[in-house]
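If you want the numbering used here, it's the position in the sequence shown, counting the first as 1, plus 385.
A short write-up of the structure that comes next.
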Amino acid sequence: MRAFVYRSIVAIAGEDYAIIASDTRLSSGFSIYTREQSKLFKLSDVTVLGATGCWCDTLTLTRILEARLQMYLHEHQKCMSTPAVAQMLSTMLYYKRFFPYYVSNILAGLDEEGRGCVYSYDPIGHCERSKFRAGGSAGALLQPLLDNQVGLKNMENVVVEPIAKEKALAILKDVFISAAERDIYTGDSILINIINKTGVTEEKFQLRRD
386 MRAFVYRSIV
396 AIAGEDYAII
406 ASDTRLSSGF
416 SIYTREQSKL
426 FKLSDVTVLG
436 ATGCWCDTLT
446 LTRILEARLQ
456 MYLHEHQKCM
466 STPAVAQMLS
476 TMLYYKRFFP
486 YYVSNILAGL
496 DEEGRGCVYS
506 YDPIGHCERS
516 KFRAGGSAGA
526 LLQPLLDNQV
536 GLKNMENVVV
546 EPIAKEKALA
556 ILKDVFISAA
566 ERDIYTGDSI
576 LINIINKTGV
586 TEEKFQLRRD
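Here's what the structure looks like:
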(Lines of atoms letter the chains of each structure in order from A and count residues from 1; the text may use other names and numbers.)
(Lines give C-alpha, C1' and ligand atoms only; values in the text may rest on other atoms or scores of the structure.)
Protein backbone atom coordinates (compact mmCIF):
# COMPACT_ATOMS: atom_id res chain seq x y z
CA MET A 1 0.00 0.00 0.00
CA ARG A 2 1.32 3.43 -0.91
CA ALA A 3 1.18 6.20 1.69
CA PHE A 4 0.08 9.49 0.18
CA VAL A 5 1.36 12.70 1.66
CA TYR A 6 0.01 16.06 0.69
CA ARG A 7 1.65 19.35 -0.20
CA SER A 8 1.22 22.22 -2.66
CA ILE A 9 3.54 23.54 -5.37
CA VAL A 10 3.45 26.75 -7.41
CA ALA A 11 5.80 27.85 -10.21
CA ILE A 12 5.95 31.11 -12.17
CA ALA A 13 8.26 31.85 -15.12
CA GLY A 14 9.41 35.33 -16.18
CA GLU A 15 11.56 36.74 -18.94
CA ASP A 16 14.88 35.89 -17.27
CA TYR A 17 13.90 34.01 -14.12
CA ALA A 18 11.71 31.25 -12.76
CA ILE A 19 10.29 30.85 -9.26
CA ILE A 20 9.08 27.59 -7.75
CA ALA A 21 7.79 27.15 -4.22
CA SER A 22 6.20 24.53 -2.01
CA ASP A 23 4.90 24.41 1.51
CA THR A 24 6.97 22.46 4.06
CA ARG A 25 4.19 20.49 5.76
CA LEU A 26 4.37 16.72 5.22
CA SER A 27 1.06 15.17 6.22
CA SER A 28 -1.31 12.31 5.49
CA GLY A 29 -4.95 12.42 6.50
CA PHE A 30 -5.12 14.30 9.79
CA SER A 31 -1.53 13.39 10.78
CA ILE A 32 1.39 15.79 10.33
CA TYR A 33 4.66 13.89 9.97
CA THR A 34 6.92 16.93 9.89
CA ARG A 35 6.64 20.70 9.46
CA GLU A 36 10.05 21.16 7.81
CA GLN A 37 10.16 18.92 4.74
CA SER A 38 11.28 20.42 1.43
CA LYS A 39 9.56 19.10 -1.69
CA LEU A 40 11.88 20.96 -4.07
CA PHE A 41 14.80 19.12 -5.66
CA LYS A 42 17.63 21.11 -7.22
CA LEU A 43 18.71 19.22 -10.33
CA SER A 44 21.18 21.80 -11.66
CA ASP A 45 22.03 25.50 -11.36
CA VAL A 46 19.11 26.35 -13.66
CA THR A 47 16.62 23.54 -12.99
CA VAL A 48 14.48 22.72 -9.94
CA LEU A 49 11.83 20.00 -9.63
CA GLY A 50 8.81 20.20 -7.34
CA ALA A 51 7.07 16.88 -6.63
CA THR A 52 3.84 16.00 -4.82
CA GLY A 53 1.97 12.75 -4.22
CA CYS A 54 3.31 9.49 -2.83
CA TRP A 55 6.46 10.35 -0.87
CA CYS A 56 8.27 7.03 -1.44
CA ASP A 57 7.61 7.29 -5.18
CA THR A 58 8.86 10.90 -5.08
CA LEU A 59 12.15 9.82 -3.49
CA THR A 60 12.57 6.94 -5.94
CA LEU A 61 11.85 9.10 -9.00
CA THR A 62 14.17 11.92 -7.93
CA ARG A 63 16.98 9.48 -7.09
CA ILE A 64 16.81 7.91 -10.57
CA LEU A 65 16.53 11.34 -12.18
CA GLU A 66 19.59 12.65 -10.35
CA ALA A 67 21.56 9.52 -11.32
CA ARG A 68 20.74 10.04 -15.00
CA LEU A 69 21.76 13.68 -14.78
CA GLN A 70 25.10 12.65 -13.28
CA MET A 71 25.63 10.15 -16.11
CA TYR A 72 24.91 12.90 -18.66
CA LEU A 73 27.32 15.27 -16.91
CA HIS A 74 30.16 12.71 -16.92
CA GLU A 75 29.57 11.78 -20.55
CA HIS A 76 29.10 15.26 -22.03
CA GLN A 77 31.02 17.42 -19.52
CA LYS A 78 28.07 19.80 -19.16
CA CYS A 79 24.75 19.94 -17.33
CA MET A 80 21.56 18.99 -19.11
CA SER A 81 19.36 21.93 -20.13
CA THR A 82 15.95 22.42 -18.55
CA PRO A 83 13.99 21.49 -21.73
CA ALA A 84 16.10 18.33 -22.04
CA VAL A 85 15.42 17.43 -18.39
CA ALA A 86 11.71 18.03 -19.05
CA GLN A 87 11.75 15.62 -21.98
CA MET A 88 13.73 12.99 -20.07
CA LEU A 89 11.31 13.17 -17.13
CA SER A 90 8.38 12.76 -19.52
CA THR A 91 10.00 9.63 -20.97
CA MET A 92 10.71 8.21 -17.51
CA LEU A 93 7.10 8.69 -16.43
CA TYR A 94 5.73 7.17 -19.65
CA TYR A 95 8.01 4.14 -19.24
CA LYS A 96 6.23 3.41 -15.95
CA ARG A 97 2.75 4.02 -17.35
CA PHE A 98 1.42 0.53 -16.51
CA PHE A 99 2.41 0.93 -12.84
CA PRO A 100 3.01 4.66 -12.64
CA TYR A 101 4.74 6.76 -10.05
CA TYR A 102 2.00 8.40 -8.00
CA VAL A 103 3.75 11.75 -8.29
CA SER A 104 2.62 15.06 -9.74
CA ASN A 105 5.63 17.01 -10.98
CA ILE A 106 6.29 20.64 -11.82
CA LEU A 107 9.68 21.50 -13.32
CA ALA A 108 10.95 25.09 -13.36
CA GLY A 109 14.12 26.64 -14.72
CA LEU A 110 15.74 28.53 -17.58
CA ASP A 111 15.91 27.36 -21.18
CA GLU A 112 18.92 27.63 -23.50
CA GLU A 113 18.09 31.28 -24.25
CA GLY A 114 17.89 32.22 -20.57
CA ARG A 115 14.11 32.55 -20.49
CA GLY A 116 12.07 31.20 -17.62
CA CYS A 117 10.06 28.04 -18.27
CA VAL A 118 7.65 25.86 -16.31
CA TYR A 119 6.70 22.28 -17.23
CA SER A 120 3.80 20.37 -15.70
CA TYR A 121 3.04 16.66 -15.99
CA ASP A 122 0.33 14.10 -15.50
CA PRO A 123 1.26 10.74 -13.87
CA ILE A 124 2.05 9.02 -17.18
CA GLY A 125 4.29 11.70 -18.63
CA HIS A 126 2.24 14.15 -20.65
CA CYS A 127 4.23 17.39 -20.52
CA GLU A 128 3.07 20.96 -21.06
CA ARG A 129 5.16 24.12 -21.02
CA SER A 130 3.53 27.19 -19.51
CA LYS A 131 4.28 30.46 -17.72
CA PHE A 132 2.71 29.45 -14.42
CA ARG A 133 1.31 26.32 -12.81
CA ALA A 134 -0.02 25.10 -9.47
CA GLY A 135 -0.31 21.54 -8.24
CA GLY A 136 -0.82 19.41 -5.18
CA SER A 137 -3.57 19.32 -2.59
CA ALA A 138 -4.38 23.03 -3.02
CA GLY A 139 -3.82 23.10 -6.77
CA ALA A 140 -7.51 23.61 -7.53
CA LEU A 141 -7.51 26.66 -5.23
CA LEU A 142 -4.23 28.12 -6.44
CA GLN A 143 -4.56 27.77 -10.22
CA PRO A 144 -7.57 30.12 -10.62
CA LEU A 145 -5.73 32.79 -8.62
CA LEU A 146 -2.70 32.44 -10.89
CA ASP A 147 -4.92 32.56 -13.98
CA ASN A 148 -6.33 35.88 -12.79
CA GLN A 149 -3.30 37.55 -11.21
CA VAL A 150 -0.51 36.30 -13.50
CA GLY A 151 -2.29 35.30 -16.70
CA LEU A 152 -4.80 38.19 -16.47
CA LYS A 153 -7.47 35.88 -17.87
CA ASN A 154 -11.15 36.88 -18.08
CA MET A 155 -10.19 40.54 -17.70
CA GLU A 156 -11.11 43.32 -20.09
CA ASN A 157 -8.90 46.10 -21.45
CA VAL A 158 -5.65 44.76 -20.01
CA VAL A 159 -2.28 44.42 -21.71
CA VAL A 160 -0.48 41.19 -20.89
CA GLU A 161 3.15 42.04 -20.13
CA PRO A 162 6.01 40.00 -18.66
CA ILE A 163 5.61 39.89 -14.90
CA ALA A 164 8.40 41.36 -12.77
CA LYS A 165 10.17 39.07 -10.33
CA GLU A 166 9.16 41.15 -7.28
CA LYS A 167 5.49 41.06 -8.28
CA ALA A 168 5.66 37.31 -8.95
CA LEU A 169 7.11 36.74 -5.49
CA ALA A 170 4.38 38.82 -3.87
CA ILE A 171 1.63 36.94 -5.74
CA LEU A 172 3.20 33.60 -4.87
CA LYS A 173 3.19 34.44 -1.16
CA ASP A 174 -0.39 35.72 -1.34
CA VAL A 175 -1.75 32.57 -2.98
CA PHE A 176 -0.06 30.34 -0.40
CA ILE A 177 -1.48 32.45 2.43
CA SER A 178 -4.92 32.00 0.87
CA ALA A 179 -4.43 28.24 0.44
CA ALA A 180 -3.29 27.81 4.06
CA GLU A 181 -6.61 29.29 5.21
CA ARG A 182 -8.64 26.72 3.25
CA ASP A 183 -6.54 23.56 2.86
CA ILE A 184 -5.56 21.58 5.98
CA TYR A 185 -2.66 19.96 4.12
CA THR A 186 -0.96 23.28 3.32
CA GLY A 187 0.76 25.29 6.01
CA ASP A 188 3.73 25.89 8.35
CA SER A 189 5.96 27.69 5.84
CA ILE A 190 6.84 27.91 2.16
CA LEU A 191 10.22 27.25 0.64
CA ILE A 192 10.92 29.42 -2.42
CA ASN A 193 13.60 28.78 -5.05
CA ILE A 194 14.40 31.73 -7.33
CA ILE A 195 16.24 30.63 -10.48
CA ASN A 196 18.20 33.03 -12.67
CA LYS A 197 21.45 33.04 -14.64
CA THR A 198 23.53 33.30 -11.45
CA GLY A 199 22.02 30.15 -9.94
CA VAL A 200 19.33 29.20 -7.44
CA THR A 201 18.51 31.41 -4.45
CA GLU A 202 16.44 30.03 -1.57
CA GLU A 203 13.98 31.96 0.59
CA LYS A 204 11.57 30.94 3.34
CA PHE A 205 8.25 32.48 4.30
CA GLN A 206 6.17 31.56 7.35
CA LEU A 207 2.53 30.44 7.10
CA ARG A 208 0.02 29.55 9.78
CA ARG A 209 0.99 26.43 11.76
CA ASP A 210 -2.40 25.12 12.83
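Where is the CB? At the ideal position from N, CA and C, for every residue including glycine.
Remember, predicted model here, so these are calculated numbers, not experimental data.
By the neighbour-count definition (other C-beta atoms within 10 Å, threshold 16), S413 is an exposed residue. Taking 8 Å as the cut-off, the beta carbon of D430 is found no closer than this to the beta carbon of G524.
Looking at the backbone, the Cα of G520 and that of K463 are separated by about 30 Å. In this chain, the beta strand (DSSP E) harbouring F590 covers 584-591.
Contact check for V535 against F517 passes: the beta carbons are separated by less than 8 Å. Around A396, the same chain offers I405, I491, A493, V503, R518 as residues with beta carbons nearer than 6 Å, after the five sequence neighbours per side are excluded. Around the beta carbon of L576, 16 or more other beta carbons sit within 10 angstroms, so the residue counts as buried. V488 has its alpha-carbon roughly 6 Å from the corresponding atom of T443. Taking the Cβ atoms as the reference, Y570 lies roughly 7 Å from R392, within the contact range of under 8 Å.
No Cβ-Cβ contact shorter than 8 Å links S407 with K427. Excluding five sequence positions before and after S515, the CB atoms of its chain that fall closer than 7 Å to its own CB belong to V503, S505, given in chain order.
Sixteen is the threshold: since fewer than 16 other Cβ atoms of the shown chains lie within 10 Å of the Cβ of A452, the residue is exposed.
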